[in-house]
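Here is the structure we will look at, set down as structure tokens.
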Amino acid sequence: MNSSTDNLERCAQRTSILLIGSSGAGKSATINHLLETGKGNVVAKTGKFKPETKTTSEILVTIDDHDHEASDLTLGVIDTPGLNDPRGLKQDACNLYSTKHFFETHPLYSKTKCSPNLIFLLVSANDHRIEGNNSGLAKSLRALKELDIVDKHRPNVVAVLTFCCSVPHFDVSQWEAMMKEKKVIISRNICEALGIQAPVVLLENDKDSNNLANDGDFTLLPNNMRQPENLHKTCRMVLEKNGDHYGLSTFNACFAKPNAEKPRAVLRHNVKANDISKHTLSKDEEDLLNVLRGGAKG
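Counting along the sequence shown from 1, when you hit position 254 you're at 254 in the UniProt record's numbering, and nothing is skipped either side.
Below you can see the structure in the form of structure tokens.
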């Protein structure tokens, strides 16, 4: 086992990032934004391996870090079906079950208790109901709690507030106040639901439509913060604070080297969610439906 994982509940064979959030929150766009090198290239084009819409899937990205004489560093990007599905809460239960079953049947995660190195909790700034028992954020937090993959001792959650320029931002001070309010709400809800403190990062993935200015390899948010550098720095901070040296090495090799050898990407383990229009909920899915409603499992 890698020495940096001995005292961590992390997988020794690979680094992983799990994406979770409401449908349309921009999970794929966020990981593609972060994976961009700034040279017009993408480290792992998730669209190339686009899975079924309602599938929990893992894309493995492998890269060599010649600076540290490390080869075959592996990053697993775990994309999950969006919650708040237009077809209703029963489809959400099917979607969540696919993610649970993904971990239960995964060749690595099913054999050992380990958490993703990073969990990206996606929340859209367009969502006007980020508070309350029925909000998309509340459902995502219940899903995370049910999956039992959040590390309370070495918190691995990073909240990403997407579509942050879809709200009026011509008055920067007013925009900053609005974003600050949303960040406070998100932080408070995470703390209450999961018992951890998690950073909240602003991100606008639709750079062109919002005419964001370029600054070298990055673009500038209305407050002149460089993105996705802000997300990259936050992830590094979390990994460093957790003493997750192997995770940090893999993360840096994948994201911090615009001139590095192109990583290899391949779609691996995936579990398709049942379609509620063609399916009657199983007992396990009924239990998850109860969880998403805020109740206890049967």
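Here a beta-carbon is modelled for each residue, glycine too, at the ideal position from N, C-alpha and C.
Inter-residue distance for G24 and G82 is about 7 Å (C-alpha atoms, whole angstroms).
With contact defined as three or more Cβ pairs closer than 8 Å, the region 193-202 and the region 269-286 are not in contact.
Under the three-state reduction of DSSP, A273 is assigned to coil, being neither helix nor strand.
Comparing alpha carbon positions, the residue from L73, K113 and H153 closest to Y246 is L73. DSSP places L147 in the helix class (H, G or I) of the three-state scheme. Selection T99, K272, C164 and A159 evaluated against I190 yields A159 as nearest (Cα-Cα). Below 8 Å, too few C-beta pairs join the region 209-218 and the region 121-133 to call them touching: fewer than three. Looking at the backbone, the Cα of V61 and that of D148 are separated by about 24 Å. Ranking A273, N242 and S22 by CA distance to the CA of D151 puts N242 first. If the five residues before and after E285 are omitted, its C-beta is found closer than 7 Å to the C-beta atoms of A93, C94 and Y97, all from its own chain and listed in chain order.
If you draw a straight line from the Cα of D79 to the Cα of P228, it comes to about 19 Å. Between L121 and I20, the gap from beta carbon to beta carbon is short of 7 Å. Annotation for N84: S22, S23 and G136 place their beta carbon closer than 6 Å to its own, counting only its chain and skipping 5 residues before and after. Taking T15 as the centre and dropping the five residues before and after it, the same chain places the C-beta of L75, N117, G247 and T250 closer than 6 Å to its C-beta, in chain order. N252 and C114 have their C-alpha atoms some 21 Å from each other.
Between K272 and T99, the C-beta gap is not smaller than 7 Å, which leaves the two residues out of contact. No residue range can be given for A198, since it is assigned to no beta strand (DSSP E) and is classified by DSSP as neither H nor E.
Under the 10 Å beta carbon count, E240 is surrounded by fewer than 16 other beta carbons and is classified as exposed. Distance between V291 and N214, taken at the CA atoms: about 44 Å. In the DSSP assignment, F120 falls within the unbroken beta strand (DSSP E) covering L118 to S124.
Assignment of E240 by DSSP, reduced to helix, strand and coil, places it in the helix class. For A253, the enclosing alpha helix (DSSP H) stretches over residues H245 to F255. For G26, the number of other beta carbons within 10 angstroms of its own is at least 16, and it is reported as buried. For A159, the enclosing beta strand (DSSP E) stretches over residues V157 to T162.
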